[in-house]
Structures are given as structure tokens and as C-alpha cells.
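Chains as they are written, first to last, in full-length UniProt numbering: chain A, 1 to 412; chain B, 1 to 83. All C-beta atoms in this analysis are idealised placements derived from N, C-alpha and C, irrespective of residue type, glycine included. Step one of this worksheet: look at the structure below.
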Amino acid sequence: MQHSRIVITGVGLTSPNGNTLEEYRKNLLEGVARIQMVDMRYMGEVPAGVCDYDPKKYQTRKELRVGTRAGSVAIYCAREAIDDSGLDFENYDKSRIGVYVGTTEHGNVETEHEVYNISKFDYDTKFWTHHHNPRTVANNPAGEITINMGITGPHYTIGAACAAGNAGLIQALQMLRLGEVDFALAGGVSESTQSFGIFAGFKSQGALGTHPTDVNKTSRPFDKSRNGIVVSEGGCIYTLERLEDAQARGAKILGEIVGYRINSDASDYVLPNPERQAECMRQALAVAGMEPGEVDIVNTHATSTPMGDIQEMKAIAEVFNDCPSTYINNTKGYIGHCMGAAGALELAGNLPSFQDNIIHPTINVEELDPECDLPNLVINEPRKVDAVKVILNNSFGMLGINSALIIKKFED
Amino acid sequence: MTEDQVKQIVIDIIDEIAPDEDTTGLKPEVNLRDQMDLDSMDFLDIVMELRKQHGIEVPEEDYPKLASLDSCAEYLTPKFNAK
Numbered sequence: 001m002q003h004s005r006i007v008i009t010g011v012g013l014t015s016p017n018g019n020t021l022e023e024y025r026k027n028l029l030e031g032v033a034r035i036q037m038v039d040m041r042y043m044g045e046v047p048a049g050v051c052d053y054d055p056k057k058y059q060t061r062k063e064l065r066v067g068t069r070a071g072s073v074a075i076y077c078a079r080e081a082i083d084d085s086g087l088d089f090e091n092y093d094k095s096r097i098g099v100y101v102g103t104t105e106h107g108n109v110e111t112e113h114e115v116y117n118i119s120k121f122d123y124d125t126k127f128w129t130h131h132h133n134p135r136t137v138a139n140n141p142a143g144e145i146t147i148n149m150g151i152t153g154p155h156y157t158i159g160a161a162c163a164a165g166n167a168g169l170i171q172a173l174q175m176l177r178l179g180e181v182d183f184a185l186a187g188g189v190s191e192s193t194q195s196f197g198i199f200a201g202f203k204s205q206g207a208l209g210t211h212p213t214d215v216n217k218t219s220r221p222f223d224k225s226r227n228g229i230v231v232s233e234g235g236c237i238y239t240l241e242r243l244e245d246a247q248a249r250g251a252k253i254l255g256e257i258v259g260y261r262i263n264s265d266a267s268d269y270v271l272p273n274p275e276r277q278a279e280c281m282r283q284a285l286a287v288a289g290m291e292p293g294e295v296d297i298v299n300t301h302a303t304s305t306p307m308g309d310i311q312e313m314k315a316i317a318e319v320f321n322d323c324p325s326t327y328i329n330n331t332k333g334y335i336g337h338c339m340g341a342a343g344a345l346e347l348a349g350n351l352p353s354f355q356d357n358i359i360h361p362t363i364n365v366e367e368l369d370p371e372c373d374l375p376n377l378v379i380n381e382p383r384k385v386d387a388v389k390v391i392l393n394n395s396f397g398m399l400g401i402n403s404a405l406i407i408k409k410f411e412d
Numbered sequence: 001m002t003e004d005q006v007k008q009i010v011i012d013i014i015d016e017i018a019p020d021e022d023t024t025g026l027k028p029e030v031n032l033r034d035q036m037d038l039d040s041m042d043f044l045d046i047v048m049e050l051r052k053q054h055g056i057e058v059p060e061e062d063y064p065k066l067a068s069l070d071s072c073a074e075y076l077t078p079k080f081n082a083k
């Protein structure tokens, strides 16, 4: 079957270390991590990645009071993406725009806040807010985008644990190819830093990262001393279009999605499965019609957990065996694990490589874990290469959901 | 408590729940919704804040009595004074 070619024409993002792609990329190339200690309800201080975008840039104070943090992050990113795309948004048919936002989870934050609220009233539920349901319905972040921007096409969130950013993009690609929409806002968001339950859950699992001296070194994928995740918030939304539509309006094209795959481990609630991860990458390559050696950058999902990083490297070693020009990197050392936003944000960090041919490194590696030592793992210093034309973006999540997205530098 | 004090309490709540609105110069006899961008959820917020901050209950059938500052004062002042 002949499919339409789907291209990326704009990006809007907020990450703990940048509120524009330019700022974010600059910090990735300069090794600037931005993690901080935050006071977590019931837990005390924990490391977290927090975004400092200006929420009032696109929302009224009332919208911010009524809506959710995930909705606010989504609105900021969507508006920035539209601006970056150069689309004549005011005159565009809003019924032909689809909104597909990936989330790891939604509703934990709002529910925890409300339970805390009624704890101040002896748990009398008459003090429970009427805003609870619109805040916690699973479509909330995508729906807030449509309300804020007057978009009347379809919207929903894609719940895919920490593979959600990639899943949002894949959903948008499919809807564009089906002709359901003509323009898509797609990616992922996270507000997880406001949920003590997520931090406490990782801590009980033995997977919440700590560092004895430097909070910015807490997230340290592939380092021998790594001991867990840093939970972060963030968002990254792209504008996607069919190639012919993008070209007809003279859009700049940041890259083309040429391959993708989501599969399932079918093995465990939390433990990764390298066999299925490798299968996911191979199947994405098959969709793209590519050999592993054609990939220039593999963005790893590695979250700085002792076992997860090793398992992913096993999967990559199997697929990219004997691929001398395939480099491997990671972004979580800078920004922690942005959960539902992770896949989309990490892809954005690598997209400028199509122009500058520089691969940002994984940072905070003081002693490389021999079990994570793959050839061409870019460590601590950026690597300049002859050309970057293909990026494979991994993103994996709990319940054994794996995703791999392949983006190609645009060539007509 | 006087009616003016009750009006100020309602204005303070509106300042919290509708922070983009300018509440200076509100006409007390005119419906609040005719002077500000308030929706039904905002009125539920007013009811909730009266409950939370002041222990005042407004049953659903009485919601229309919160239409203007004057009607708020007329309806709520006896409730405040009965506490």
C-alpha cells in the first residue's frame, strides 16, 4: 500500500533546561543539566525536573486556576509549535486539525491534591471540587488545547506509559494517512512532578535516583553508580502534515517520519524485555525499509536504573551489531525522565543534528558501566560527524510497551 | 456583620476565582454575569468558597439569590449573622 509521506513542520517544547528548541539544544551541547530538589508532600525533598515556561503567555489566570498543569504544558507547547510551523492558523479550517497528546498517566496529581484538600475538612466530601472530573478525564491535556485554541477536530490523549510521546506522533501519522485530519498537533506531556504517589511508587520500587553531592548528577544513565530515575515534567508538541500539504504552503520541513513500531513485551508489569525491544526496533526499520547501519543516531530511553539501562543496551547491541557509523546517545542526564513527554522531547533534542551534524552526549558518566559499554556511545562530549540523516528514537514504558520511531532528514 | 462587609467577602472570593476580572466599580444592583465573564462553574466556586472559608451553605435552589452583590448581601447577611 502506498502511504502519504508525513513530515514534521514545527515544534514547541518546554523541558527542565529550556523553553524553546534553541535554548534546549544549546544546553544539550553545552552539557547543562537542570534538576532541582523540590519539597514533595509527605516525602520531604526529592530531586525533580521542573519547567519554568511562562504559563501566562497563552492562558488567562482563570484558565490556569481551573485547568491542569498537564493542560497548561500542552497549551504552551501547542501554541509554540503552531507559531514555529508558520501556519496561517487564524484562517485555517480548525475542524481539520487533530490533537494527539501522549501521557504516561493523568489524574494522579489532581486526585492527590483534592484528597489533601478534603483532609483539611475531616474528609467531608462536600468540600471536594466540582472541577475534579474535567481535570481528571483522560483526554484533559488534549482537550485543554482545543478549548484554548478553538480547534474543533478530534482530540484525545494516548496513554502509553513512558512510550507515550512516540505514541502520540504515531497516532497522528496514522490519522493523517487515513485522511481523518489534514494537520496534526502531536507529542507528549507530563505533569508527574506534582504527584507524590509517582515519586513514592518509584522509591518503594527501589528506582528513585539519588546523588550524594550534586543534584544535577542524579540522573546518570550508563554510569556504574546510577541508582534510579529523576521524575520530571515537560512537554513537546509537533505539527505534522502530509508532505504535499506542507510543500503547498511552503512550510519548512524539520524531518520525515519514515518508520515506526509499537509492540508489547507480554512478560512483566515493570521489568523490560530486551528481546521485545530489539524486535520493536527491527520492525520499525522494516517499516522504513532500512538496514540498521543506515541509522546515524539511536536515542536511548535509558532512565538511569541499574537494570533498565543494561537491558536496553543488550537490545541495541543485538540490532546494531557491526554498525560503525551508528552513534548512541541519551538525554535524561540533563532533564531527568519527562515521562509522557520523554520520547517527543528527546527526539526534539536530536532533530537539529540534521543541520549541524553534531550528536549531543549522554552526560554524568564518571565511570562507564562495562555492561552498558557499546561502541559509539557518545559520552560527556558532543561528537561531530560527517552527516546525520536518520534518527531512531526509542521510548519504552511500564506494562511492557515499546516504541521506536525513525525520522529521516528531509529529501524531496 | 453588615451587608457591606458581606459584599466585600463576595468580592474577595470573586477576586480569587476569577483573577482576570476587575472587581473595582462593580455595580451592586446589576447581575454579576452581566458585568463579568463568570460561568456556572464560577458560581459553584463561589458556593464552595463560602462553604470552605466561612461555613456558609447555599442550597442549590438558592443559587439565583447570588445573582448580584445586592442580592448576595440580602441573602447571605442573615446567614453570617446566624453563625
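With residue i as the anchor, note down where its alpha helix (DSSP H) starts and where it stops.
i	result
M290 of chain A	Per DSSP, M290 of chain A belongs to no alpha helix (DSSP H) and is neither H nor E.
V47 of chain B	S40 to H54
R79 of chain A	R69 to S85
F121 of chain A	Premise fails: F121 of chain A is in no alpha helix (DSSP H) and is neither H nor E.
T136 of chain A	H132 to T136
L76 of chain B	L69 to N81
V10 of chain B	E3 to I17
R261 of chain A	Where R261 of chain A is concerned, there is no enclosing alpha helix (DSSP H), although the beta strand (DSSP E) it sits in stretches over G255 to S264.
residue 413 of chain A	There is simply no residue 413 of chain A to check, as chain A begins at 1 and stops at 412 in what is shown.
L347 of chain A	A342 to N350
V66 of chain A	R61 to V66
I310 of chain A	P306 to V319
Y92 of chain A	Y92 of chain A -> no alpha helix (DSSP H), and no H or E assigned at all.
Report all residues from its chain with a CB closer than 6 Å to the CB of residue i; omit the five preceding and five following residues, and keep chain order.
i	result
N27 of chain A	N17 and G18
R41 of chain A	F196
C280 of chain A	R261, N263, N402 and A404
R25 of chain A	P352
G308 of chain A	P272
Could you tell me which of the options sits nearest to residue i, measuring between CA atoms?
i	options	result
A163 of chain A	A:G187, A:Q174, A:N140 and A:I145	A:G187
D412 of chain A	A:C372, A:N148 and A:E256	A:E256
E49 of chain B	B:D4, B:D15, B:M1 and B:E3	B:D15
G228 of chain A	A:R242, A:H130 and A:K203	A:K203
Y269 of chain A	A:M398, A:V11 and A:E371	A:M398
G201 of chain A	A:A184, A:V231, A:V181 and A:V66	A:V231
C323 of chain A	A:Y334, A:N376 and A:L368	A:N376
E271 of chain A	A:T326, A:S225, A:Y334 and A:G206	At residue 271 of chain A the sequence reads Leu, which differs from the Glu that was named. If we check each option's Cα against that of L271 of chain A, A:G206 comes out closest.
D83 of chain A	A:V287, A:N357, A:I359 and A:T239	A:T239
G333 of chain A	A:A266, A:S304 and A:I310	A:S304
L44 of chain B	B:V58, B:P19 and B:I11	B:V58
R96 of chain A	A:P274, A:I406, A:V365 and A:T146	A:T146
N133 of chain A	A:F121, A:A246, A:A81 and A:E114	A:E114
G25 of chain B	B:I17, B:I11, B:L38 and B:P19	B:I11
Along the beta strand (DSSP E) that carries residue i, what are the first and last residues, could you check?
i	result
Q36 of chain A	Q36 to M40
P141 of chain A	Unbroken run through P141 of chain A is the alpha helix (DSSP H), N140 to M149; no beta strand (DSSP E).
residue 425 of chain A	Given that chain A is displayed from residue 1 to residue 412, the structure contains no residue 425 of chain A and the question cannot be resolved.
residue 414 of chain A	There is no way to answer for residue 414 of chain A, as the model of chain A reaches only from 1 to 412.
N329 of chain A	Y327 to N329
P47 of chain A	G44 to G49
A184 of chain A	F183 to S190
Y156 of chain A	H155 to G159
G235 of chain A	G234 to R242
Could you tell me if the beta carbon of residue i falls within a distance shorter than 6 Å of some heavy atom in the ligand ATP?
i	result
L26 of chain B	Here there are no bound small molecules, and the ligand ATP is not part of this structure.
Check the C-beta distance from residue i over to residue j and give it rounded, since I have them as a contact under 8 Å.
i	j	result
G107 of chain A	A160 of chain A	Actually they do not touch by this definition, with Cβ atoms about 15 Å apart.
L254 of chain A	I8 of chain A	4 Å
Y100 of chain A	A142 of chain A	7 Å
P221 of chain A	A302 of chain A	4 Å
I13 of chain B	I46 of chain B	6 Å
I363 of chain A	S15 of chain A	The Cβ separation is near 14 Å, so there is no contact.
Once you ignore the five residues that flank residue i on each side, which residues in its own chain have a CB closer than 7 Å to its CB?
i	result
residue 94 of chain B	Residue 94 of chain B is absent from the structure shown; chain B starts at 1 and stops at 83.
A266 of chain A	G400
V137 of chain A	none
D245 of chain A	D182
V30 of chain B	S68
With a threshold of 8 Å on Cβ separation, who are the neighbours of residue i within its own chain once the five nearest residues in sequence on each side are excluded?
i	result
E291 of chain A	L285
R383 of chain A	Y327, I358, I359 and P361
L29 of chain A	I358, H360 and P382
Q35 of chain B	L26 and K27
V6 of chain B	C72, A73, L76, T77 and F80
**Given 8 Å, three or more beta-carbon pairs between the segment 387-395 of chain A and the segment 288-300 of chain A** = yes
**Prompt:** Is the segment 207-218 of chain A in contact with the segment 30-39 of chain A, if contact means three or more CB pairs nearer than 8 Å?
**Reply:** With contact defined as three or more Cβ pairs closer than 8 Å, the segment 207-218 of chain A and the segment 30-39 of chain A are in contact.
**Prompt:** Should the segment 338-350 of chain A be regarded as contacting the segment 314-327 of chain A, the criterion being three or more beta carbon pairs within less than 8 Å?
**Reply:** Segment contact: the segment 338-350 of chain A against the segment 314-327 of chain A, fewer than three CB-CB distances shorter than 8 Å; contact not assigned.
**Asked** Should the segment 233-241 of chain A be called in touch with the segment 65-81 of chain A, which here means at least 3 C-beta pairs below 8 Å?
**Response** yes
**Prompt:** Is there contact between the segment 352-367 of chain A and the segment 167-176 of chain A, where contact requires at least three CB pairs shorter than 8 Å?
**Reply:** no
**Message:** With three or more C-beta pairs closer than 8 Å as the rule, is the segment 119-136 of chain A touching the segment 49-62 of chain A?
**Reply:** no
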